[in-house]
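What follows is one structure encoded as structure tokens, with my remarks underneath.
2 protein chains.
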Amino acid sequence: MVDRDDVLTAAQRALNADPAASMTAVAEAAGISRATLHRHVDSREALLVELGTRSLDQWEQRLDDVDVEALAASDDADRIRAALEELVLGYVDDSDVFGFALTDQVILANAALEARTQVLADREAVLFAAAQSVGVLRTDLPARWFGHAIYGLLVSGRDAVRLGDVARRDLGRLVLSSLLTGIATP
Amino acid sequence: MVDRDDVLTAAQRALNADPAASMTAVAEAAGISRATLHRHVDSREALLVELGTRSLDQWEQRLDDVDVEALAASDDADRIRAALEELVLGYVDDSDVFGFALTDQVILANAALEARTQVLADREAVLFAAAQSVGVLRTDLPARWFGHAIYGLLVSGRDAVRLGDVARRDLGRLVLSSLLTGIATP
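Here the protein sequences line up with chains A and B, keeping their order.
The numbering of the first sequence is full-length UniProt numbering, which starts it at 1 and goes up by one.
The numbering of the second sequence is full-length UniProt numbering, which starts it at 1 and goes up by one.
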């Protein structure tokens, strides 16, 4: 008996491999019939929104795990730097699981998910501003840019691994190092 | 009389604003009827492939403009550094025009466009390898990673401007500076 969670996980894997996968292809990947898949989710859009919700749950969990508000209030540069690195490495792991959701148009266009994304981005921006004020992040870049820069490099990383240009094992270091110190020779 | 080029440009603008825009919405944005739009392009997929082709034409033009192969063979660090900066700033301008195409699933899944993307990425990778050998780019990162890193920051930049987090005017500098020297305080 395949439960709902198994179905969603299989769907996620199928969509990571082919973001345009149809419900038929998703059902096949989950080893169930199209009818069974439809008993779990009403439509392809409902499936995507559910997977988008899961990816935001995971993002929220990462922010809770580092206790982002307390951290931002701490004025402790070492702790803030360490937590930023932990967050980015965690996001890289998550983007391996939720890869397709990063750029899926249905997910990005969903108003409820967009509103929740904004709330999480706002929480993160407080941390970035604190990181600037304790000297961890550059003050000549806008605090709201950092979240976008991280997001972009997660998209980079997902694609680089998918196309075989970068080893999965190296990805966390590549993303973190490129993000923090850039790709030019110092 | 609206010509094909006007139609494609209007379609591009409509899809940048809403990547999920239907053919009806695209026709409306172009100020023509759905029937007229269909006289210019057979289907939504054909339209997307045509716009994807235009974005690759533009990428190819940028590589030709800096004469990427001659440059890579030049061993001239200053010229290579200047050309890299010119390329990235050019890509930022192009991503303003072709924004939605960066992450459109139909475009990315098209085999012909994917093959051509690979050819252009290969040309670029030769330049990155040369930039590493003359000391412009870090040698502890794989040459094939740089193109992905640039691509990701173009996605970042497009989204940051679309969401109003960054001014369009600042974007070239933000992307280039984040790419080359990172977001951490040196």
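Even glycine gets a Cβ: it sits at the ideal position worked out from N, Cα and C.
#1: For the putative contact between residue 147 of chain A and residue 92 of chain A, defined by C-beta atoms under 8 Å, what is the C-beta separation to the nearest angstrom?
#2: Would you tell me roughly how many angstroms separate the C-alpha atoms of residue 126 of chain A and residue 5 of chain B, rounded to the nearest one?
#3: In the stretch 92-104 of chain A, which residues sit with their C-beta less than 7 Å from some C-beta in chain B, listed in chain order?
#4: For the stretch 62-87 of chain A, enumerate the residues whose C-beta is nearer than 7 Å to any C-beta of chain B, in chain order.
#5: How is the alpha helix (DSSP H) around residue 80 of chain A delimited, first residue to last?
#6: Against chain A, with Cβ distances strictly below 7 Å, would residue 178 of chain B count as a contact?
#7: What separation, rounded to the nearest whole angstrom, lies between the Cα atoms of residue 72 of chain B and residue 16 of chain B?
#8: Look at residue 154 of chain A and residue 95 of chain A and say whether their C-beta atoms are less than 7 Å apart.
#9: Buried or exposed, going by whether 16 or more other CB atoms sit within 10 Å of the CB of residue 138 of chain A?
#10: With DSSP run on the structure shown, which of helix, strand or coil describes residue 11 of chain A?
#11: Along the chain, where does the alpha helix (DSSP H) containing residue 72 of chain A start, and where does it finish?
#12: Going by other Cβ atoms of all chains shown within 10 Å of its Cβ, with 16 needed for buried, is residue 33 of chain A buried or exposed?
#13: For chain B, check one thing: does any of its Cβ atoms lie closer than 7 Å to the Cβ of residue 90 of chain A?
#14: Could you tell me whether any Cβ in chain B is nearer than 7 Å to the Cβ of residue 9 of chain A?
#15: Does the beta carbon of residue 148 of chain B sit closer than 7 Å to a beta carbon anywhere in chain A?
#16: Give the DSSP-derived three-state secondary structure of residue 137 of chain B in the structure shown.
#17: Pairs of beta-carbons, one from the stretch 116-125 of chain A and one from the stretch 102-122 of chain B, closer than 8 Å: are there three or more?
#18: How would you label residue 168 of chain A, buried or exposed, when you count the other beta carbons within 10 angstroms and need 16 or more for buried?
#19: Between which two residues does the alpha helix (DSSP H) containing residue 177 of chain A stretch?
#20: Helix, strand or coil for residue 184 of chain A per DSSP?
#21: For chain B, is any of its Cβ atoms less than 7 Å away from the one on residue 29 of chain A?
#22: Where does residue 150 of chain B fall in DSSP's three states?
#23: Quick check on residue 270 of chain B: does DSSP put it in helix, strand or coil?
Working from what's here:
#1: Contact flag wrong, Cβ pair sits at about 15 Å.
#2: 45 Å
#3: 103
#4: none
#5: 77-98
#6: yes
#7: 34 Å
#8: yes
#9: buried
#10: helix
#11: 68-74
#12: exposed
#13: no
#14: no
#15: yes
#16: strand
#17: no
#18: exposed
#19: 171-181
#20: strand
#21: no
#22: helix
#23: Because chain B is modelled from 1 through 186, residue 270 of chain B falls outside the range shown and cannot be assessed.
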